[in-house]
Amino acid sequence: MLHYAHLPNENAELAHFPIVSPSPVPAAAHTPGNAVIFARPREFAMFVYPRGLQPPSAAQSARRFNGTENSGAFQSKLGSLHAGSDRAGMLTEAQDFVSPDSKNYPGQYVRRISALKAPMNRLAGPPVQALLALRPASLDGLRAAVTALLGEPIDEFLKSADYPGQLAQLQDSLTALLVLGVRDGDRENALIQALLVCHAAELIENAPAILDTPEALREPLQASPLLSAVIFPLPPVKPATRGDGAAAVRGYVKPLGFADLNVVKQRLVRYRLGDLAYVENVMRGESKERAEHHRQQVETDDYDAINQTDGETHEQDYNGRATTAEQAAANPLNDLKREFDSLKKDYGSDGLSVTVTGGWTDTLDGPQTLDNQAAAYARSLLDRAAARVARRVGSERSRRSLEEFSEHNIRRFHNEEGVNHVIGVYRWIDEVHAAHLEHRGSRLVLECVMASPAADYVRRNNVLHGVNVTAPIPPWIGDKKIAPIHSAADMTRDNYAALAARYAAAGVEPPPPQSQVASAALSSDPPRASAQLEVPPGYVVASALVSYGWTASPAPAQGAAVTPALDVLVGGAALKIDPTQDPNPGAKALSSVPPADAALPAAVISAGVNYRVNLAVTCTCPDDAAVFQRWQMTAYDAVMSAYAARKREYYAAMERYAEHFARQAAVRRREVEYGALQKTAIQILIGDFLLQEDSAGKPQGAPPAWCEDVVNFNLIPFFRRALEWVEMTYTFYGDYFASDDASRPAWLTMIQAKDERPGFHEFLQAAAARLLVAVQPDEALQMLFYLASGGRFWFGEAVLTPVHAADVWLVNALKSLAHEPRTEPDSPPWEVDVATSHLMLQDDARLPDYQEEPAAGTP
12 MLHYAHLPNE NAELAHFPIV SPSPVPAAAH TPGNAVIFAR PREFAMFVYP
62 RGLQPPSAAQ SARRFNGTEN SGAFQSKLGS LHAGSDRAGM LTEAQDFVSP
112 DSKNYPGQYV RRISALKAPM NRLAGPPVQA LLALRPASLD GLRAAVTALL
162 GEPIDEFLKS ADYPGQLAQL QDSLTALLVL GVRDGDRENA LIQALLVCHA
212 AELIENAPAI LDTPEALREP LQASPLLSAV IFPLPPVKPA TRGDGAAAVR
262 GYVKPLGFAD LNVVKQRLVR YRLGDLAYVE NVMRGESKER AEHHRQQVET
312 DDYDAINQTD GETHEQDYNG RATTAEQAAA NPLNDLKREF DSLKKDYGSD
362 GLSVTVTGGW TDTLDGPQTL DNQAAAYARS LLDRAAARVA RRVGSERSRR
412 SLEEFSEHNI RRFHNEEGVN HVIGVYRWID EVHAAHLEHR GSRLVLECVM
462 ASPAADYVRR NNVLHGVNVT APIPPWIGDK KIAPIHSAAD MTRDNYAALA
512 ARYAAAGVEP PPPQSQVASA ALSSDPPRAS AQLEVPPGYV VASALVSYGW
562 TASPAPAQGA AVTPALDVLV GGAALKIDPT QDPNPGAKAL SSVPPADAAL
612 PAAVISAGVN YRVNLAVTCT CPDDAAVFQR WQMTAYDAVM SAYAARKREY
662 YAAMERYAEH FARQAAVRRR EVEYGALQKT AIQILIGDFL LQEDSAGKPQ
712 GAPPAWCEDV VNFNLIPFFR RALEWVEMTY TFYGDYFASD DASRPAWLTM
762 IQAKDERPGF HEFLQAAAAR LLVAVQPDEA LQMLFYLASG GRFWFGEAVL
812 TPVHAADVWL VNALKSLAHE PRTEPDSPPW EVDVATSHLM LQDDARLPDY
862 QEEPAAGTP
């Protein structure tokens, strides 16, 4: 047996370990007997065996669940709104039900149970709580207690004409409060307690056969309110992101089922000699010396700087009284009145210089007023400076530590004068632990799956070290906003800016414009009848527009009259304008545009008119143009180079973290993992709660103040208390690199070379994590309600927590486990040998003979 105690002066706690040695193996030379171990037992493993869920029987459903559904107008209306996923309409309907000036349901909401007609008004207060806390031993005892509370026989109470309507009022009132999600747990508790009394009375009168055991008699008094499946859970909130713009944590939490929780505990019992380490031989007449030198240097640089300045200014008058802003002295220079006297301007002979002579005077109401005002302002400045309370706190810490560990070991063996050989047998020292399997009952197990479990930890360390590094998304993967790119051909005018911003790419030039316009103006006065339109390299002519106007030229003095004519030539195309028919001014487009690579000639031929012609040629840059393809390759190279740089920065940050934690113990690394996983899981849990709505069902622009209070003072403490984080198990799923993969980061190689066992690098590189965490039995109902309702927290008593229809099997299993006695004892103990790095010189030179010594794992 083993005696266990925390401290030597405490009473030892006796734990029985019937360790029985196998009969064929002789006992060790030294047995520990009854040892006192002054240490807390260590839990180094946990095993969870899932249980199968069974549907509740008819009797169990009747005893353990109290229905709140009815066919009244209010719940029927809520059901129809739920079928249309009208969450806002359900909230509006429930708000109207509980309103004192209800339009559709006047007088239906039960504000105080004591206001109902007798005997229903007796189902409130301490008498009801005392009844629900009873543990009746017989049906007659339960009947007598309910009858005493009602003040009349149960059958008369149930047959009362007012009973159906009052029961529906209680059910509808509870349903309305649950739809609104009010934070008044006392009103909900009172309604549920009254419904439980009615439920117990109905079972006593209508189904006494199922109340045949003390446990069965107790169950109606602890029945869980069963919510209507056509109303609850409410339709989900439409927005998928938080109202304040914060990105929701990717992942989910859901109940996995019940499992038997078994924990392996171990205690250190003793030490024993283990395997052979090495043998030292010194022959007769020989001397031997062995020297070992170990040196290790660890250098750490940390720099922290904090600057904070707080200031407050109090203005006082000259006598020390506080003054307001209106009473404070004003700067006299701001109120000066400037008067000029005898100003005279004289201009020089060159006409460029000017001389002003005269004078001016600055006054308020006179010289005396100016002096008084200046003195008052000076006093105000002095008082303000003296009354200013300023505090500046500066903290700048630069720490550089260099730790050097040096170890020198020298062994000398002198056997010059010896008559025999000297032989030293060194053996490893093993720790012998007594381990046993402890059964801790059954627990509700939650499954939590999260993406990038180390993301928050990496982000906080980036801020701590003054960097902002996150794992870059590869360009060939893309996301919802940016399509993936696989080559330079995927670079477009639409995605290049987003890609450059994502990777902070420098030197990404904008693409060639989609189109450019080459223009020229031709006219008869001044004469310019031809021009060259320059086409940008790589562009092609897409269209041409000619705008024109003319006036008739004077008729010649002699000869026949000239017929007006105006023709425009653009490259190989011609446009004829008829001055006698076409509008003046006007515009025409060329029906066919000739191709051109560099320059496009244009000319005008006219007769009998004075003209003005403007040419506008639109040139476009196709995607197969050489200039655009060169831009694509340049932009693609810049984006890929920026992605490689961001990836190197990320891996460099990971290398710093890996190097830092490689020097720490595995316990510390596990603490970091546990803390990060717990925080991320809680963020996922509270994510749905932060999607709160106002009374109209519209999501808030930002979580209201009361929402943050609930998170800080209710939700986070509840999740930390309700979940058994110490016994959490988790598995990492990451993107692993092959040993010959060229993209394998150097920090992974470094960390795995130091420790090939699963280590901290798995946490850093994990793409996802899966957690299994048990729920405390007393908090299981509240946890199920929170998960099923999409983030609604139950503010009432835990035992009165309503149950959704989808959780009936789980809650029934929870209630069944409460009645099951613990039948599985703790397993018999066994011994575990744990190798250490310590050596011990054996007393003699005999080599270990495991046929003579006790086998490993036996005392």
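Numbering (the numbering used here), first residue to last: 12 to 870.
Positions of the beta carbon are idealized from the N, C-alpha and C atoms, including for glycine.
Quick caveat: nothing in here was measured; it's all calculated off a predicted structure.
Measuring CB to CB, does residue i end up less than 8 Å from residue j?
| i | j | result |
| --- | --- | --- |
| A465 | L775 | yes |
| L284 | R438 | yes |
| L688 | A780 | yes |
| P236 | R74 | no |
| G296 | E415 | no |
| V241 | G100 | no |
| P61 | A270 | yes |
| V139 | A205 | yes |
| M461 | I165 | no |
| P266 | L798 | yes |
| T645 | S554 | no |
| G801 | L245 | yes |
| E790 | A809 | yes |
| A499 | Y647 | yes |
| Y559 | P521 | no |
| L287 | P836 | no |
In the DSSP assignment, find the unbroken alpha helix (DSSP H) run with residue i in it and report its ends.
| i | result |
| --- | --- |
| K170 | 165-170 |
| I727 | 727-733 |
| G100 | 98-109 |
| T158 | 150-161 |
State the Cα-Cα distance for the pair residue i and residue j, rounded to the nearest angstrom.
| i | j | result |
| --- | --- | --- |
| P728 | L701 | 16 Å |
| F743 | E773 | 7 Å |
| Y661 | Y514 | 12 Å |
| I488 | D467 | 22 Å |
| E442 | E199 | 57 Å |
| A135 | L185 | 15 Å |
| L102 | L191 | 6 Å |
| W841 | L160 | 57 Å |
| S82 | V275 | 53 Å |
| R403 | I124 | Unreliable positioning characterises R403 in this predicted model, as indicated by a pLDDT of 47, which lies under 50. A coordinate reading is not provided. |
| Y556 | K599 | According to the sequence as given, residue 556 is Leu; it is not Tyr. Distance between the alpha carbons of L556 and K599 is about 6 Å. |
| K114 | Q180 | 16 Å |
| E458 | V784 | 7 Å |
With 16 other CB atoms within 10 Å as the buried threshold, where does residue i fall?
| i | result |
| --- | --- |
| P117 | exposed |
| I203 | buried |
| H425 | exposed |
| Q65 | exposed |
| H210 | buried |
| N217 | exposed |
| H815 | buried |
| Y282 | exposed |
| V737 | exposed |
| F724 | exposed |
| R454 | buried |
| A104 | The sequence shown places Glu at residue 104, not Ala. Label assigned to E104: buried. |
I need the boundaries of the beta strand (DSSP E) containing residue i, first residue and last residue.
| i | result |
| --- | --- |
| R438 | 433-462 |
| S82 | Element bounds for S82: n/a, residue is neither H nor E. |
| N506 | N506 -> no beta strand (DSSP E), and no H or E assigned at all. |
| N132 | Element bounds for N132: n/a, residue is neither H nor E. |
| A631 | Correcting the residue type first, residue 631 is Thr in the shown sequence and not Ala. Residues 620-631. |
| Q543 | 541-545 |
| S72 | Premise fails: S72 lies in the alpha helix (DSSP H), 69-75, not in any beta strand (DSSP E). |
Spatial neighbours of residue i within its chain, please: C-beta separation below 7 Å, excluding the five flanking residues on both sides.
| i | result |
| --- | --- |
| S871 | Shown here, the chain extends from 12 to 870; a query on residue 871 therefore has no answer. |
| Q862 | none |
Leaving aside the five residues before and after residue i along the sequence, list all residues of the same chain whose C-beta is less than 6 Å from its C-beta, in chain order.
| i | result |
| --- | --- |
| H432 | M294, R295 |
| G619 | S564, V573, P575 |
| D854 | none |
| P67 | N823 |
Just to confirm my understanding: we take residue i, look at its own chain, exclude 5 residues before and 5 after, and list those with CB closer than 8 Å. What are they?
| i | result |
| --- | --- |
| E163 | P130 |
| A613 | A531, L533, S541, A542, Q543, L544, V579, L580, V581, G582, L626 |
| L143 | Q204, L207, V208, L232, Q233 |
| A856 | I434, G435, V436 |
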